[in-house]
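Working notes, beginning with the structure itself.
There are 6 protein chains.
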Amino acid sequence: MALAQNLSSKWISVSEPHPHVLHVELARQARKPVNAFSSELWAEYGALLDKITHEGRDVRALVLSSALPKLFTAGIDIADLSKTETDFPDGARKSLSTYHHLKEFQHAIGAPERCSFPIIAAVHGLVVGLGIDIISACDIRYAAEGTQFTIKEVDVGLAADIGTLAYLPKAVGNQSLLREVAYTSRLFSAAEAERMGLLSTVVPGGREEVIAAALKLASVIASKSPIAVSSTKRILLHSRDHSASDNLEYTAAWNSAALQTNDIPETLRATKSRSAPAFVPLRKAAAKL
Amino acid sequence: MALAQNLSSKWISVSEPHPHVLHVELARQARKPVNAFSSELWAEYGALLDKITHEGRDVRALVLSSALPKLFTAGIDIADLSKTETDFPDGARKSLSTYHHLKEFQHAIGAPERCSFPIIAAVHGLVVGLGIDIISACDIRYAAEGTQFTIKEVDVGLAADIGTLAYLPKAVGNQSLLREVAYTSRLFSAAEAERMGLLSTVVPGGREEVIAAALKLASVIASKSPIAVSSTKRILLHSRDHSASDNLEYTAAWNSAALQTNDIPETLRATKSRSAPAFVPLRKAAAKL
Amino acid sequence: MALAQNLSSKWISVSEPHPHVLHVELARQARKPVNAFSSELWAEYGALLDKITHEGRDVRALVLSSALPKLFTAGIDIADLSKTETDFPDGARKSLSTYHHLKEFQHAIGAPERCSFPIIAAVHGLVVGLGIDIISACDIRYAAEGTQFTIKEVDVGLAADIGTLAYLPKAVGNQSLLREVAYTSRLFSAAEAERMGLLSTVVPGGREEVIAAALKLASVIASKSPIAVSSTKRILLHSRDHSASDNLEYTAAWNSAALQTNDIPETLRATKSRSAPAFVPLRKAAAKL
Amino acid sequence: MALAQNLSSKWISVSEPHPHVLHVELARQARKPVNAFSSELWAEYGALLDKITHEGRDVRALVLSSALPKLFTAGIDIADLSKTETDFPDGARKSLSTYHHLKEFQHAIGAPERCSFPIIAAVHGLVVGLGIDIISACDIRYAAEGTQFTIKEVDVGLAADIGTLAYLPKAVGNQSLLREVAYTSRLFSAAEAERMGLLSTVVPGGREEVIAAALKLASVIASKSPIAVSSTKRILLHSRDHSASDNLEYTAAWNSAALQTNDIPETLRATKSRSAPAFVPLRKAAAKL
Amino acid sequence: MALAQNLSSKWISVSEPHPHVLHVELARQARKPVNAFSSELWAEYGALLDKITHEGRDVRALVLSSALPKLFTAGIDIADLSKTETDFPDGARKSLSTYHHLKEFQHAIGAPERCSFPIIAAVHGLVVGLGIDIISACDIRYAAEGTQFTIKEVDVGLAADIGTLAYLPKAVGNQSLLREVAYTSRLFSAAEAERMGLLSTVVPGGREEVIAAALKLASVIASKSPIAVSSTKRILLHSRDHSASDNLEYTAAWNSAALQTNDIPETLRATKSRSAPAFVPLRKAAAKL
Amino acid sequence: MALAQNLSSKWISVSEPHPHVLHVELARQARKPVNAFSSELWAEYGALLDKITHEGRDVRALVLSSALPKLFTAGIDIADLSKTETDFPDGARKSLSTYHHLKEFQHAIGAPERCSFPIIAAVHGLVVGLGIDIISACDIRYAAEGTQFTIKEVDVGLAADIGTLAYLPKAVGNQSLLREVAYTSRLFSAAEAERMGLLSTVVPGGREEVIAAALKLASVIASKSPIAVSSTKRILLHSRDHSASDNLEYTAAWNSAALQTNDIPETLRATKSRSAPAFVPLRKAAAKL
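Chains as they are written, first to last, in our numbering: chain A, 81 to 369; chain B, 81 to 369; chain C, 81 to 369; chain D, 81 to 369; chain E, 81 to 369; chain F, 81 to 369.
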């Protein structure tokens, strides 16, 4: 079965431009603002990533981008907010409903952390509000040179609650600048984002160039041992949230099993024979698809 | 009541240059070195910020700077150290006295974290020793281009113990450079500080320019929903000290209540009517002042 | 006794170029690739640092570099891996053996964190695989301008498990770029390393220049109070792995004792008399050597 | 709709003996040993609890017991283990498959922690292996006087990995006794279990008596405010895994919303009028069912 | 100055029945239910303990009891709740006000943890709601044999939020029983409380007997080295909230200073001379009072 | 080689009363008080346990007891304390020396946690001061019925700093009683210790009976799969210091490797054939001895 088969949906298109590499594009242009995220869209997004994981498809890297010419995403669809139920018996039950909604929303946007492969966000144009939550939960961020970002939530009267404030402070290296843009909702450029430590690199050009660069990176990652890459991802996520000594202990436990992989002799064999190594899928399920 | 009323004290002057914005200036010039912090001064500093919080004044952003032309602060007042009591019955009781003194000192300098609004440090000239502790506990740091910094404590024979080593490693993005300047007490420039991730930006010009830039930023923040800004600050402080999943859980609990604010419809109303939104104070007490 | 006496071993040479400063050079050139780390070498490396600490030698700063002209280290010695035992009664016992091996390996490479003095890694040429683990566990990193780095493990089929993924995410300020180089094993330059926040500085020139710069820094550190420097190191390591409030509490407890040092009056005396301060060793044992 | 409608399945029967109280009975007697847990059964068990939560059914307490006369559960179905796949390409991929299997298994058995209402385990006869994991994840444990327990895993050659060792040490008050029974797999009586702190109480009599006592407790809980009970459960689970100060902070955030409930005036009204209070369901969805 | 001087207030009487021992009695009998806690009373309670600490009075143990014949406390004063402000501009600001109220309330009830000396709660009669929060934050609990307890909050429609759920799970050894009484608000006896691990002992007799026993214990504690007792308290509080290894590290740092006390030679001297040791106060301030 | 060969030393005798079971007896009777721990003795004790682990001897359970008729240990040897060096250049260096001494001391007494097999302390007579630290770090505690315990440190002017306050609060189920005996240094009986949750059981009789009971338990443990027992110990130690979810994650990683053991089929084989299972040693080194 083709890797991308049955994955595209209403507003998300999925293709396999390189072996083991998926390209996921957000394409909600039917209404304005375009690529605005309704509940339906973010549920679709989370479900897509969980489906790939659940089915054990042999994906080894994924690029996330926008199909639209001018922006990555306009953030949350405000029109969608107005559909919120309002007739709750009391403030506590209303809060509880909000709490469960937020947990579900966070779960969907946090899906990249549950994938065994790296996800590269390739952004261009405008990245607004929820767009920042989305790319914060990805592994790697590439931006086209004209990209502009805004943590828009404060401008709408709320604190970002879907991941931006949980992931971003741990991903960047300038808390002063991060707080400045979080408190003001002001636009910040790709250059500022890079200075803050948000981006791997700023890619000269626009949408096509940044996607090309991200796909190239993805195909390099996809050529590596999936045991090595997925273990690295897991250990890095653990490292972010634990002390160095806790992480070393976890890593020793994890690698005591992971080192029993044929990918190690396979890389040695390939090096000696000057050929490309060939790695079997991580999970058997992949073979069945 | 004017927002800044009854806040100025012996060595600290407080004004309200923009609505909901306080400007706090350190101005201890009576003796040399100027702006050196005696116990009395840091107690005054902590008490000022706690008083604003306790009274629920409707402050939405605060700029901290020095009133003196050549430096932000010379750090701790060495003369003050010599007043330390010495006749303790034994080493344990002496240590206990020191411990309580340090806790009180840390509490005063950590006051910005107890404020519901952001604090922007606008520095120029020299920032020495305790000056680094002070700005490390602030939300945002702006420096004039000629500013020089020194973590002076090692040069005096001790480890920085009032906040520098607790806050700074979590605020910047280059631990190698941070350790270098912490171990050597050498001066480092605004450019190096920016490269380390300590500063939002280096402002061309001197004291006046950096204060003007900080006040401009403060007035932007002050125009935003105080529920949104204060929730963002609280969640960012929590994020620094907890895992991503712990923070997401806390954020969902917090925002389940905070989202029940009129600031959200008010921002939508203002956007539609192309007018500035008007937000009521966070706390009722503010109205009484 | 000379500070470096009896410290050199088979592949590691140790000298004392400045008072209280050790220079440790890796020099395993007998076989190819040079400076590849066998079990024997990393055990020697960890034992050297622990011996210095255990004997209480009056070391106040240490520079780690390579004696070879073209590289810092080629990483793990692959030939050494092939000596691994294979006839285990079952997979669990094999994993357990691997687990114990990894813990021992991590312990050796983590030795810099157990030293009371700062360790400065001065690198040039190639820094491969284990080389990254080694410098990640040091306090400060200097690189010659042509240096190239690679987190090589993924290319060999495994996740880095000796410290890179535990220490590095907490030392740098761009997780996106860190993950990119960790997932791809690609070479990255000193300039990229600096941008990531890995290096204090890039030193123009090659091996000699970077070592000279590091030794100069070491001699500055060695001129400071050893109580101040070692307390700063301890508190910074604690800060990395604990919340700000936990760290402030620990610091108050630690400094309540450390402030009872004569190094404080000695620095004041030296400042007044415009002479260099003289500090006694941290530990008595030092006197005996 | 009746509360228990559409919940019973192949080996689990569900009834509603009191308003808002579910009684869940394990009844896998088709084969020997009876009530042994196959993958199918534990998946069914986890799915049942998640379904109740997901549908927002107005359950306020749940009693879990066994329908069989002689035992609560025989633990894992050994026959099921033999179906495990064996032809993995290497040890790492086999371990990864095991890892994912364990996570799924843990997730199912940990379902009680995801329910908003308390779950009371009412056990009799033998409680073996997985039976301990299951009751450890419940809120409250009642045992008939003749009940015998065994942490059976060590006798089968493995450490308990589905919850016993994660939940139990935090639930009881005698780690010495807990380790003794964990290391030996020996049977321990209800009296010993009570002394260890595992049980609320030992109920005189057998299966019927313990179920009656648990249902009585459940109906008391079901008569209370669901906001109060579910908030208490959430805060207790948080308390187990966080420091006291972290928990106080979380509780203040949580209750700042939860206190806006009509359940508080409703309880006051009921007290004054000497009538039973009536509480609306926690979630709207409940009304639709 | 007598130790208890100027400490008694409107509803709290303070005496010094033994040297260095304070007896604090709650005596709010003016209205029904007696000893119900208004905001005024709990503020008074917290302020009393903080005043003792702040002034450095030479208190070495404190007994907390009720002056009333029939109960320890009736819990929160419901009449007081009705004074709560209600006209908030929106739900978020109302929640924020509640949040700040809860934090202040928790701070007052948590005051015993900020005292350097142990606090022994000696209870009799009924201990209701807030009474449980209060005794949970104390070091030691003694109860007269007829005492009855109830975690009353669920009966009023809320989760206990002032300390019961934060402190109690970490203080007792039977989470099943704790959850049972927390979910039901049912009365539980001193015998059950002891079985749960809540009490040091159940004292035969009533109010007078339990107070006598607690005072006797207090006078034993007061005869010990205050450095030893206060260090033990501090380390135990740290131990509750940190891992064993973190606690050992903190303890080594703390005791490296605390062991430099004359209390150690003083105890040896007293032992040899068969006399009672005499210890100087912990803090100098004590001498001045 | 016999399991106990070359393990006995000056004051510690080691034998192998059952296969894979070591009996370690403290026997320092040359001077008064007997079994008092000098630095030499505790260093010997820690080294013994680490030697067993390091050599990979096939020990599967260990019983620790005293060879003397009247007591387990008199605690620290006061005479030894007086040998402490006193001529430090300043208070900070003295504290640092103390700190390093305490860390080394804690490391020795914490050795049981580094053993892969359970350690059962079998105590009788008096258990004083350091004796409590020692048994707190063991897995299981048995006491003869007349045993008396005292946390003696407060009586000597210090807080227990070698493990009692780090391990005990997490091992027992009554913090009120624990604090009472920690603050008073009073003797408490085996019955009280059992009520507190400190002991698995109180064994009728004296020294011989409690040792016999402990050896019997040890031989049961030694008959089990060493993979199962050692994994259980490791996971229980992790569980004590981490959240439930962290522990479940670690357990899944650990057991993904540990489940690949032949001990599982071996137990099934033995069950079917009604014979005793035979397990190979955990580590190969064992075979060589």
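Glycine residues also receive a C-beta, built at the ideal position from the N, C-alpha and C atoms. All of these numbers come straight from a predicted model, not from anything done at the bench.
8 Å Cβ cutoff, residue i in contact with chain B
i, result
"P169/E", "yes"
"T281/A", "no"
Chain-ordered neighbours of residue i on chain C, where CB pairs are closer than 9 Å
i, result
"V360/F", "P169, D170, R173"
Contact set between residue i and chain C, taken where Cβ atoms lie within less than 7 Å
i, result
"P192/B", "By Cβ distance, chain C contributes nothing, its closest Cβ being about 12 Å from P192/B, past 7 Å."
Cβ of residue i within 8 Å of any chain C Cβ
i, result
"K364/E", "no"
"T133/A", "no"
"L144/F", "no"
"I92/E", "no"
Contacts around residue i, its chain only, beta-carbon distance under 7 Å, and the 5 residues preceding and following it disregarded
i, result
"F117/C", "T153, G155, I156, D157, L210"
"A367/B", "The pLDDT assigned to A367/B is 46, lower than 50, so where the model puts this residue is not dependable, and the model offers no usable value."
"S119/F", "D160"
"A217/D", "I189, G190, P192, E193, G243, Y247"
"S310/C", "S196, F197, L362"
Per-residue burial, residue i [other beta carbons within 10 Å of its own, 16 or more giving buried]
i, result
"E193/A", "buried"
"T331/F", "buried"
"S355/B", "exposed"
"P149/A", "exposed"
"D167/B", "exposed"
"P36/B", "The structure shown does not extend to residue 36/B, since chain B spans only 81 to 369, so no value can be given for it."
"V143/B", "buried"
"E288/F", "exposed"
"T351/B", "exposed"
C-beta neighbour in chain A for residue i, strict 8 Å
i, result
"Q85/F", "no"
"I307/D", "yes"
Interface flag, residue i vs chain E, CB-CB below 8 Å
i, result
"L102/D", "no"
Amino acids of chain F, ordered along the chain, whose beta-carbon sits closer than 7 Å to that of residue i
i, result
"V236/D", "I344, T347"
Residue i at chain F interface by Cβ criterion, 8 Å
i, result
"R221/D", "no"
Test: residue i CB closer than 8 Å to a CB of chain D
i, result
"L369/A", "For L369/A, the pLDDT reaches just 46, beneath the cut-off of 50, and the residue's location in the model is therefore unreliable, although a value from the coordinates is still provided. No, its Cβ sits nowhere closer than 8 Å to a Cβ of chain D."
"G209/E", "no"
9 Å Cβ cut-off: residues of chain E touching residue i
i, result
"A293/D", "Going along chain E, no residue has its Cβ under 9 Å from A293/D, so there is no contact; the nearest lies around 11 Å."
Proximal residues of chain F, C-beta to C-beta of residue i below 8 Å
i, result
"R140/D", "What R140/D touches in chain F: nothing, since even the nearest Cβ is about 24 Å away."
Just by C-beta distance, which residues in the segment 328-348 of chain D are closer than 7 Å to chain B?
Y330, A333, W334, S336, A337
Determine which residues of the segment 240-274 of chain E have a Cβ less than 8 Å from any Cβ of chain F, and write them out in chain order.
Correct list: K250, A251, V252, G253, N254.
Between the segment 177-207 of chain E and chain B, which residues of the former have CB atoms less than 9 Å from a CB of the latter, in chain order?
S177, T178, Y179, H180, S196
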